[in-house]
Amino acid sequence: MNRPQDIRVDLLLIGQMVRPGSRVLDVGCGDGALLDYLVSERGADARGIEISQAGVNACVARGLSVVQGDADTDLKDYPSGAFDYAILSQTLQATRNPRNVLIELLRIGKRAIVSFPNFGYWRVRGGLFFKGCMPNTGTLDNPWYSTPNIHFCTIRDFVNLCNELGITIEKSLAISSSGRPIPWAHSLWVANIAADQGLFVLRR
Amino acid sequence: MTGNKGKKPRGLAGFAPGEQAGLSVILGAAAPLRLDCGAELGPFTVAYQTYGALNAAKSNAVLVCHALTGDHFCAGDNPFTGKAGWWDLMVGPGKPLDTDRYFVICPNVLGSCYGTTGPRDINPATGEPWGLAFPVITIRDMVRAQAMLLDHLGIADLFCVIGGSMGGMQVLEWVVNYPERVFSAIPIAATSKHSAQNIAFHEVGRQAVMADPNWHGGAYFRHNVTPHAGLAVARMAAHITYMSEAGLTRRFGRALQDRDAFTYGFDADFEVESYLRHQGITFVDRFDANCYLYITRAMDYFDLAADYGGVLAKAFARARARFCVMSFTSDWLYPTAESRAIVHALNAVAAPVSFVEIESDKGHDSFLLDVPEMFAILRGFLDSAARQRGL
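From first to last, the protein sequence lines stand for chains A and B.
Take the first sequence: its letters are residues 4 to 207, numbered as in our numbering.
Take the second sequence: its letters are residues 10 to 400, numbered as in our numbering.
Okay, structure coming up:
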């Protein structure tokens, strides 16, 4: 079994944003890699929601507290302000109502940490422009007819939605295809082209 | 106190009064058990069975709670039936509840007919069976009796309390009433309260028993008969609620029983009729009608939040256990929504809780059957809880 600290770099990036000892809800926690890291390396009281039974099985076997559920329908059952952080990693684009999920995340958590594939990434734009086909990058690797991702957005779209909802962006990172922050992507214009993923820390 | 394979008297389901199989202890002799109905019971007998060995620190005890018509033989051979115990798939060496590792205690519930005191036992005040003079009991009363058993065994706290259906109700009563005695809790296919529909089905069963002229107002023991026809109908109706429509269709469909055409009569033309009749007939040989009334009543009275202003989360406010809640997709008796309500309440008090809804077309009874996903989850949860407990 992998050690908790041996997680994907983009998850590690999220994990390191969480203050030690925090209460965390990881929505769409998959096999629990990030949760495991948060519990064992950050001393967090961390729980998860996961839609797949295989994911829940893996989490429970790791000793994590994970509830089988759906980000679209089950967030309403959590009390307001119950968590210091609500994390939504690479899941926003797969929800039926991303706007509502975002609102719920910031109701449940004092802060939300959200990452998503950037549809404004130059490879995506290039694929559409030159090949005329739906993008197939490392992050987006499902054909259009079977992708779980139904609500793509660009980093700019996401920033616009946050502005519309009055959400404060505390921190934003442009993430490269290797999962690392791009140090020179300072402006939104550059980030929206250069980033494979966007990573945001939000608060109400 | 030793195993006994003696044949029970004909027409008397369960074990004959005073007869014992497995272990048993007389409790409540010094101080009687104060029941929810206000009556006091004591001394009374608790029949139980244990599997595995208690460790020196007394930290590896697991309480297995049985369902409505269950008994204390959850594993190995059942001397009542000669068959494997009702949860032999779950409990035993190398199984999810590994008896090489855990000390498993399975008590028979109060009100039952398998050795723990119930309406079929002799009322010391009259010298004849209690019948309807037996006080009405609740799930919480059953759990109080179990706590007294643990006191008797010198076990301060449990590594785990686990049970399905009515067993899951007992698990929930444990964490609410004895929060400091439960390290982990696994309510499976359970509910936090009996719904109107649940009560309605039970009432059909009880009315079937009471409508049988052999019931004699519960005093059938005086007439040397049993209301077996009524009890069989009660079991047939209940059995339907333990299965799913998809399961029934897969197993029976509209297949005919040993015939090629309808008989145009009221014989069991369909396989499903024959199956249900068999379920009813075999049940009356192993269960007592008055016990059935009392235990179904206890389930109907079950409402965990009732003493907490109807707010389930308040009931769990003192709970300290880590939880693994489980439901089955095709269970329409205690559907997933009931388990989710439990999970939401536990989330509201920040209790560590895992929840999974398992895909199965076997209905409510899935928890008793070979459902590999359930075993995989339970194994994972128990292993991790054992690590946290230092077992």
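We put the beta carbon where it would ideally sit given N, CA and C, even for glycine.
Out of 223/B, 118/B and 185/B, which one is the CA nearest neighbour of residue 413/B?
With chain B represented from 10 up to 400, any question about residue 413/B goes unanswered, as that position is not in the structure.
Quick check on residue 401/B: buried or exposed, where buried means 16 or more other Cβ atoms within 10 Å of its Cβ?
Past the edges of chain B, shown from 10 to 400, lies residue 401/B, and the structure says nothing about it.
Does the beta carbon of residue 382/B come closer than 9 Å to any beta carbon on chain A?
yes
With H, G and I counted as helix, E and B as strand and the rest as coil, what does DSSP make of residue 20/A?
helix
Using a Cβ-Cβ distance cut-off of 9 Å, determine whether residue 3/B contacts chain A.
Shown here, chain B extends from 10 to 400; a query on residue 3/B therefore has no answer.
What residues from the region 58-70 of chain A come within 9 Å of chain B, judged by C-beta to C-beta, listed N to C?
Listed in sequence order: 59, 60, 61, 62, 63, 64, 65, 66, 67, 68, 69 and 70.
On the DSSP bridge assignment, give the partners of residue 336/B in chain order.
366/B
Other residues of its chain near residue 68/B: CB distance less than 7 Å, five sequence neighbours each side excluded:
168, 398 and 400
Assigned secondary structure, residue 6/A (DSSP; H/G/I helix, E/B strand, else coil):
coil
Measure from the C-beta of residue 8/A to each C-beta in chain B and report whether the shortest distance is under 9 Å.
no
Minimum Cβ-Cβ distance from residue 85/A to chain B less than 9 Å
yes
Can you tell which of 127/A, 40/A and 167/A has its C-alpha closest to the C-alpha of residue 11/A?
40/A
Taking residue 329/B and residue 189/B to be in contact with their CB atoms under 8 Å, please state how far apart those CB atoms are, rounded to whole angstroms.
7 Å
Bridge partner(s) assigned by DSSP for residue 48/A:
26/A
Residue-chain proximity (residue 386/B, chain A), Cβ-Cβ < 9 Å
yes
Mind reading off the beta-carbon distance from residue 75/A to residue 99/A? Whole number of angstroms is fine, and I expect it under 8 Å.
5 Å
Per DSSP, residue 86/A is paired with what?
112/A
9 Å Cβ cutoff, residue 46/A in contact with chain B
no
Buried or exposed: which applies to residue 273/B, given that a residue is buried once 16 or more other Cβ atoms fall within 10 Å of its Cβ?
exposed
How long is the line joining the alpha carbons of residue 339/B and residue 252/B, rounded to whole angstroms?
8 Å
Does the structure place the region 146-161 of chain B close enough to the region 295-309 of chain B that three or more beta carbon pairs sit under 8 Å?
yes
So, is the C-beta of residue 33/A closer than 9 Å to a C-beta in chain B?
no
In chain order, which continuous runs of the beta strand (DSSP E) of length 3 or greater are located wholly inside the region 109-149 of chain B?
112-116
Quick check on the burial criterion: 16 or more other C-beta atoms within 10 angstroms. Buried or exposed for residue 276/B?
Result: exposed.
If residue 161/B and residue 36/B are in contact, beta carbons under 8 Å, what's the gap, nearest whole angstrom?
6 Å
From which residue to which residue does the alpha helix (DSSP H) around residue 206/B run?
205-220
Those residues which DSSP pairs with residue 193/B across a bridge
331/B
With residue 366/B and residue 71/A assumed to form a contact (beta carbons below 8 Å), what rounded beta-carbon distance in angstroms separates them?
6 Å
Alpha carbon to alpha carbon, how far is residue 181/B from residue 195/A?
Here the alpha carbons of residue 195/A and residue 181/B stand approximately 51 Å from one another.
Our contact map puts residue 116/A next to residue 204/A with C-beta atoms below 8 Å; I'd like the distance itself, whole angstroms only.
Going by Cβ atoms, the distance from residue 116/A to residue 204/A rounds to 5 Å, so yes, they are a contact pair.
Rounded to a whole number of angstroms, what is the C-alpha to C-alpha distance between residue 11/B and residue 30/B?
Its pLDDT being 36, under 50, residue 11/B is placed unreliably in this model, and the coordinates cannot settle the point.
Please say whether residue 363/B and residue 401/B have beta carbons closer to each other than 9 Å?
Since the first and last residues shown for chain B are 10 and 400, residue 401/B lies out of range.
Excluding the five sequence neighbours on either side, which residues of its own chain have a C-beta within less than 8 Å of the C-beta of residue 157/B, listed in chain order?
Short of 8 Å from the beta carbon of residue 157/B, and not among the five residues preceding or following it, lie these beta carbons of its own chain, in chain order: 36, 37, 42 and 55.
Helix, strand or coil at residue 134/A [DSSP, three-state]
helix
Residue 83/B in three-state terms, based on DSSP:
coil
Would DSSP call residue 21/B helix, strand or coil?
With a pLDDT of 47 at residue 21/B, under the threshold of 50, the modelled position of that residue is not reliable, and the figure given next carries that caveat. Secondary structure at residue 21/B: coil, using DSSP grouped into helix, strand and coil.
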